[in-house]
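Asker:
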Amino acid sequence: MVAMQAALWTMELLIILAYTLLFVTDIYVLGKEEEFITPSLLPKDEEHTRTPFSHIGASPDPYIQLTQPSQKIRFMPTVRNIVLSEHKDIKFNCSIDVPNLDNGEQITWWKNGQLTSHSERISFQSFDIPDGVMTTMHSLCSIIGIQRSDNGTYTCKLKVKGEEIVSDPIYVQVEGLPYFIRQPETLNITRNTPFNLTCEAVGPPEPVEIYWYQNSTRINDKAEVSPAVLYVLGLDQAAIYSCEAHNKKGLTASNNINVNIKGIPFPPFNLKALSKTSNSIFLSWTPGFDGYSSIGLCSIKVKEVTKNSSFPVFYNTSVPPHTYTISHLNSFTQHNISISCMNEVGWSLPSSWIVSKTAEGAPSTSPQNITVIVNGSHSLKVMWTQPPLSAVNGALLGYIVKVLWSVRGNKNISETKNTNTTTLVISIRATNATCTVSVACQTVGGIGPFSPTVQVVIPSDGSLASATSSTPAPGQVSSYMILLGFISGLMIILLLIYGVVKFISRKKELEFGDAFVSSDDSDMVVYKAKKSYNRKGIEVTLSTLGINEDLQQKLEDVMVERSLLSLGKVLGEGEFGSVMEGELRYPDSTAHKVAVKTMKLDNFSQREIEEFLSEAACMKDFNHPNVIKLLGVCLEVGPRRTPKPMVILPFMKYGDLHSFLLSSRIGSGPQVS
Numbered sequence: 000m001v002a003m004q005a006a007l008w009t010m011e012l013l014i015i016l017a018y019t020l021l022f023v024t025d026i027y028v029l030g031k032e033e034e035f036i037t038p039s040l041l042p043k044d045e046e047h048t049r050t051p052f053s054h055i056g057a058s059p060d061p062y063i064q065l066t067q068p069s070q071k072i073r074f075m076p077t078v079r080n081i082v083l084s085e086h087k088d089i090k091f092n093c094s095i096d097v098p099n100l101d102n103g104e105q106i107t108w109w110k111n112g113q114l115t116s117h118s119e120r121i122s123f124q125s126f127d128i129p130d131g132v133m134t135t136m137h138s139l140c141s142i143i144g145i146q147r148s149d150n151g152t153y154t155c156k157l158k159v160k161g162e163e164i165v166s167d168p169i170y171v172q173v174e175g176l177p178y179f180i181r182q183p184e185t186l187n188i189t190r191n192t193p194f195n196l197t198c199e200a201v202g203p204p205e206p207v208e209i210y211w212y213q214n215s216t217r218i219n220d221k222a223e224v225s226p227a228v229l230y231v232l233g234l235d236q237a238a239i240y241s242c243e244a245h246n247k248k249g250l251t252a253s254n255n256i257n258v259n260i261k262g263i264p265f266p267p268f269n270l271k272a273l274s275k276t277s278n279s280i281f282l283s284w285t286p287g288f289d290g291y292s293s294i295g296l297c298s299i300k301v302k303e304v305t306k307n308s309s310f311p312v313f314y315n316t317s318v319p320p321h322t323y324t325i326s327h328l329n330s331f332t333q334h335n336i337s338i339s340c341m342n343e344v345g346w347s348l349p350s351s352w353i354v355s356k357t358a359e360g361a362p363s364t365s366p367q368n369i370t371v372i373v374n375g376s377h378s379l380k381v382m383w384t385q386p387p388l389s390a391v392n393g394a395l396l397g398y399i400v401k402v403l404w405s406v407r408g409n410k411n412i413s414e415t416k417n418t419n420t421t422t423l424v425i426s427i428r429a430t431n432a433t434c435t436v437s438v439a440c441q442t443v444g445g446i447g448p449f450s451p452t453v454q455v456v457i458p459s460d461g462s463l464a465s466a467t468s469s470t471p472a473p474g475q476v477s478s479y480m481i482l483l484g485f486i487s488g489l490m491i492i493l494l495l496i497y498g499v500v501k502f503i504s505r506k507k508e509l510e511f512g513d514a515f516v517s518s519d520d521s522d523m524v525v526y527k528a529k530k531s532y533n534r535k536g537i538e539v540t541l542s543t544l545g546i547n548e549d550l551q552q553k554l555e556d557v558m559v560e561r562s563l564l565s566l567g568k569v570l571g572e573g574e575f576g577s578v579m580e581g582e583l584r585y586p587d588s589t590a591h592k593v594a595v596k597t598m599k600l601d602n603f604s605q606r607e608i609e610e611f612l613s614e615a616a617c618m619k620d621f622n623h624p625n626v627i628k629l630l631g632v633c634l635e636v637g638p639r640r641t642p643k644p645m646v647i648l649p650f651m652k653y654g655d656l657h658s659f660l661l662s663s664r665i666g667s668g669p670q671v672s
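Position 156 (the sequence shown) corresponds to 155 in numbering that gives the first Met the number 0; numbering is contiguous.
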């Protein structure tokens with residue numbers, strides 16, 4: 000009975016194997032003399048050498064490649080290579096004869112070295128056929144609607160008495176239409192600028208060939224092997240690109256992509272004022288089409304709506320957000336507002352103008368020409384003039400008058416009165432007292448500043464005196480101010496005359512020395528020339544310095560007459576010398592700004608003078624862009640008639656290197672491009 004049952008199980012297994020090998024549709028089993036490229040995804044101990052079927056003499060079927068492991072317990076040979084199309088169903092199995100096991104071990108399936116579990120598409124069926132002391136274990140793997148992701152190497156594993164037994168690999172290769180792993184992407188380019196597109200597709204089967212299309216027209220007659228790169232020198236107008244991937248199974252077309260030409264953005268729209276204060280307006284707007292280039296900056300143009308309108312003011316802001324608060328505006332004033340935005344190509348046209356008015360604010364100035372006069376024996380009359388409407392910052396609601404009565408020995412009395420006119424009558428509250436008055440304007444936005452106080456003394460006998468403020472109204476200038484201005488102007492004129500006379504006198508002294516000597520006994524003019532202006536005079540002066548002859552010869556051809564050099568302000572000072580700004584005139588009547596290095600002290604040793612001039616001679620021999628160039632050497636006669644050397648150098652507009660680097664670091668200095 001047991002033998003009959005074993006025979007039935009064996010027959011059932013053979014039927015399953017025959018179904019797997021012969022009736023699975025669209026499965027390609029490699030034939031004689033064919034090879035299959037083995038994926039290198041298994042561990043080293045699971046790799047097998049590719050062998051043509053013709054080299055395997057033990058295989059009874061020329062269309063099935065079998066393996067002959069040398070292990071005592073091993074998996075039975077099965078199909079090695081399976082090639083099929085996508086979306087087909089497939090079944091393959093493995094089996095092994097093992098001694099009867101009581102530990103419940105089961106055959107497990109591994110794909111590319113990873114344990115494979117049941118899923119919606121992949122399932123496993125296992126059953127055992129006992130035969131005396133041995134048991135035949137079978138496991139069937141079924142994949143429904145196979146996909147490219149199912150490509151790989153499949154193996155079976157079983158543990159027998161602690162030893163892991165691995166089957167020969169089964170290689171599954173799924174073929175289909177080319178599959179894109181990289182398609183062209185939409186680009187925004189600058190007009191006539193080169194760019195490239197990439198298209199990459201894979202099989203199997205390989206190879207995959209690529210054709211390019213521009214505006215639905217094929218560009219390349221000869222296909223390129225994937226991956227393919229299309230190089231375009233530039234476009235003058237937008238275009239649509241795509242690619243096609245071809246293999247033995249057919250073709251696959253990529254998505255159409257647009258290559259757009261960048262342009263200036265469209266004008267912003269929907270510009271509106273969201274909120275207003277007395278000095279600011281909060282704006283929002285909607286950006287126009289960006290021209291295929293992101294908008295990063297917007298400029299807001301603001302101009303007051305007045306008869307004597309000033310130039311417009313521009314406010315720049317980074318976007319997003321597309322909002323901005325315009326500050327420092329005049330209160331209760333209408334403003335024309337427009338906006339334009341910029342991308343990397345240029346500025347958009349301005350948006351439509353809107354008119355927005357700031358809210359009322361507190362007055363920015365006080366009433367003027369405050370006057371307090373006698374109004375009978377029991378009251379005072381306070382009068383003032385209204386400030387300019389531009390300073391009221393709103394609709395004037397009225398005036399607030401503060402009155403303070405100061406009585407010696409008694410508590411001060413204060414009162415506040417409101418009025419809509421520029422006149423107010425105040426009742427006298429005390430005698431032998433001082434009355435202090437100040438006035439302020441009031442609008443919806445608040446109360447403005449109070450005017451300077453005006454004081455009037457109320458004597459005990461009842462006699463009153465009037466008083467006026469020190470802030471007269473515009474156009475009404477006090478006589479005291481006129482007198483003060485006249486005296487100040489006269490003093491300024493006298494100082495200017497004195498300065499001119501001293502300047503002329505000093506200039507003559509510098510040019511002629513003691514040429515004009517005042518004397519009570521004689522009208523004779525005495526002139527003493529300070530130096531000669533011929534070439535020989537220069538040589539004599541160099542000789543009088545006591546420097547060596549070699550140094551004199553080096554400096555001879557760079558000497559400059561003193562009359563050609565004009566000195567200006569001091570640019571910098573050190574311990575032993577200073578650098579001054581100067582102007583050097585050339586024989587062709589041109590002049591250049593120069594820097595003049597001088598020795599600071601009046602008494603110099605011969606060694607110090609020689610070191611100073613040796614430095615100039617050394618600079619003369621250099622001709623390098625990073626070394627300052629010597630322009631000349633000049634001698635000036637000092638107060639004690641000793642020659643004072645001056646070295647003429649190019650004027651460096653950015654100053655010394657240390658100061659330039661320091662100011663550049665903190666962001667306050669010049670920026671050199």
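The beta-carbon is built from N, C-alpha and C at its ideal position, and this holds for glycine as well.
In or out: S376 buried (at least 16 other Cβ within 10 Å) or exposed?
Answerer: Sequence index remark: in the sequence shown, residue 376 carries index 377 (1-based). Under this definition S376 is an exposed residue.
Asker: With a cut-off of 8 Å on the beta carbons, I'd call S437 and K380 a contact; round off their distance for me.
Answerer: Taking the sequence shown and counting its residues from 1, one reaches residue 437 at position 438. Taking the sequence shown and counting its residues from 1, one reaches residue 380 at position 381. Separation of the CB atoms of S437 and K380 is rounded to 16 Å, and the pair is thereby denied contact status at 8 Å.
Asker: Could you give the distance in angstroms between the alpha-carbon of C297 and the alpha-carbon of F331?
Answerer: Residue 297 sits at position 298 when you count from the first residue of the sequence shown. Residue 331 sits at position 332 when you count from the first residue of the sequence shown. In a straight line, the C-alpha of C297 is about 26 Å away from that of F331.
Asker: If S450 sits next to A439, beta carbons under 8 Å apart, how far is it from one beta carbon to the other, in whole angstroms?
Answerer: Residue mapping note: residue 450 aligns to position 451 of the sequence shown, counting from 1. Residue mapping note: residue 439 aligns to position 440 of the sequence shown, counting from 1. The Cβ separation is near 7 Å, so the contact holds.
Asker: Evaluate D289 with the Cβ neighbour count: other Cβ atoms within 10 Å of its Cβ, from every protein chain shown; 16 or more gives buried, anything less gives exposed.
Answerer: Here residue 289 refers to the residue found at position 290 when the sequence shown is read from its first residue. Looking at its Cβ environment, which holds 16 or more other Cβ atoms inside 10 Å, D289 is buried.
Asker: Kindly provide the ranges of any alpha helix (DSSP H) runs that are 4 or more residues long and lie completely inside the stretch 324-397, ordered along the chain.
Answerer: 388-391
Asker: Compare the beta carbon distance of S253 and F179 with 9 Å and say whether it is the shorter of the two.
Answerer: By 1-based counting over the sequence shown, the position of residue 253 is 254. By 1-based counting over the sequence shown, the position of residue 179 is 180. Cβ atoms of S253 and F179: closer than 9 Å.
Asker: What would DSSP say about Y170, mapped onto helix, strand or coil?
Answerer: Residue mapping note: residue 170 aligns to position 171 of the sequence shown, counting from 1. Of the three classes helix, strand and coil, the one that applies to Y170 here is strand, per DSSP.
Asker: Taking DSSP as the reference, what is the three-state secondary structure of L544?
Answerer: For this step, residue 544 is matched to residue 545 along the sequence shown. It is coil, neither helix nor strand.
Asker: Going by alpha carbons, who is nearest to W383 out of L660, L423, L566?
Answerer: Here residue 383 corresponds to residue number 384 of the sequence shown, with the count starting at 1. Ranking the options by Cα distance to W383, first place goes to L423.
Asker: Are V593 and G581 close, meaning C-beta to C-beta below 9 Å?
Answerer: Looking up residue 593 in the sequence shown gives position 594. Looking up residue 581 in the sequence shown gives position 582. Yes, they are a contact pair.
Asker: Would you say L564 and M645 are within 9 Å of each other, going by their C-beta atoms?
Answerer: Residue 564 sits at position 565 when you count from the first residue of the sequence shown. Residue 645 sits at position 646 when you count from the first residue of the sequence shown. Cβ distance < 9 Å, so L564 and M645 count as in contact.
Asker: Just to confirm my understanding: we take S613, look at its own chain, exclude 5 residues before and 5 after, and list those with CB closer than 7 Å. What are they?
Answerer: Residue mapping note: residue 613 aligns to position 614 of the sequence shown, counting from 1. In chain order, L550 place their CB closer than 7 Å to the CB of S613, counting only its own chain and leaving out the 5 sequence neighbours on each side.
Asker: Per the DSSP calculation, E610 is bridged to which residue(s)?
Answerer: Residue numbering aside, residue 610 sits at position 611 when the sequence shown is read from its first letter. Assignment of beta-bridge partners to E610 by DSSP yields no partner.
Asker: Name the one or two DSSP bridge partners that M645 has.
Answerer: Counting from one through the sequence shown, the residue named residue 645 turns up at place 646. In DSSP, M645 forms a bridge with T597, C633.
Asker: Quick check: what's the CA-CA separation for V391 versus G573?
Answerer: As a position in the sequence shown, residue 391 is number 392, starting the count at 1. As a position in the sequence shown, residue 573 is number 574, starting the count at 1. Looking at the backbone, the Cα of V391 and that of G573 are separated by about 56 Å.
Asker: Restricting to runs no shorter than 3 residues, where is the beta strand (DSSP E) found entirely within the stretch 61-127?
Answerer: 80-84, 89-98, 107-110
Asker: Does the distance from the C-beta atom of P262 to that of S215 stay below 9 Å?
Answerer: Residue 262 sits at position 263 when you count from the first residue of the sequence shown. Residue 215 sits at position 216 when you count from the first residue of the sequence shown. It is worth fixing the name first, because residue 262 is Gly in this sequence and not Pro. Remark: C-beta atoms of G262 and S215 do not approach each other more closely than 9 Å.
Asker: Rounded to a whole number of angstroms, what is the C-alpha to C-alpha distance between K678 and M558?
Answerer: Residue 678 falls outside the range modelled here, since the chain spans only 0 to 672, and no answer is possible.
Asker: May I ask you to verify whether the stretch 199-214 touches the stretch 267-283, counting CB pairs closer than 8 Å and requiring at least 3?
Answerer: no
Asker: Is the beta carbon of I294 less than 9 Å from the beta carbon of I338?
Answerer: Position 295 of the sequence shown, counted from the first residue, corresponds to residue 294. Position 339 of the sequence shown, counted from the first residue, corresponds to residue 338. No.
Asker: With burial defined as no fewer than 16 other Cβ atoms inside 10 Å of the residue's Cβ, what is the status of M651: buried or exposed?
Answerer: As a first step, residue 651 is located in the sequence shown; it is residue number 652 there, counting from the start. Result: exposed.
Asker: Just how far apart, CA to CA, sit W109 and T154?
Answerer: Mapped onto the sequence shown, residue 109 falls at position 110. Mapped onto the sequence shown, residue 154 falls at position 155. The alpha-carbon atoms of W109 and T154 are separated by roughly 5 Å.
Asker: Could you pull out every unbroken beta strand (DSSP E) segment of at least 3 residues lying fully inside the stretch 150-201, listed in chain order?
Answerer: 151-159, 162-165, 169-174, 178-181, 186-188, 194-201
Asker: Work out the CA separation of H334 and S309 for me, nearest whole Å.
Answerer: Taking the sequence shown and counting its residues from 1, the one referred to as residue 309 is at position 310. Taking the sequence shown and counting its residues from 1, the one referred to as residue 334 is at position 335. Each residue's Cα considered, the two are about 11 Å apart.
Asker: For L395, tell me which candidate among G444, N411, E414 has the shortest Cα-Cα distance.
Answerer: By one-based count along the sequence shown, residue 395 stands at place 396. For L395, the nearest C-alpha among the options comes from G444.
Asker: Just checking, does the stretch 69-78 make contact with the stretch 122-134 on the three C-beta pairs under 8 Å criterion?
Answerer: no
Asker: Looking at the strands, I want to know which residues DSSP matches up with L296.
Answerer: By one-based count along the sequence shown, residue 296 stands at place 297. Answer is S317, M341, bridged to L296.
Asker: If you count every other CB in all the chains shown that lies within 10 Å of the CB of H591, and 16 or more means buried, which is it?
Answerer: As a first step, residue 591 is located in the sequence shown; it is residue number 592 there, counting from the start. H591 is exposed by the Cβ-count criterion.
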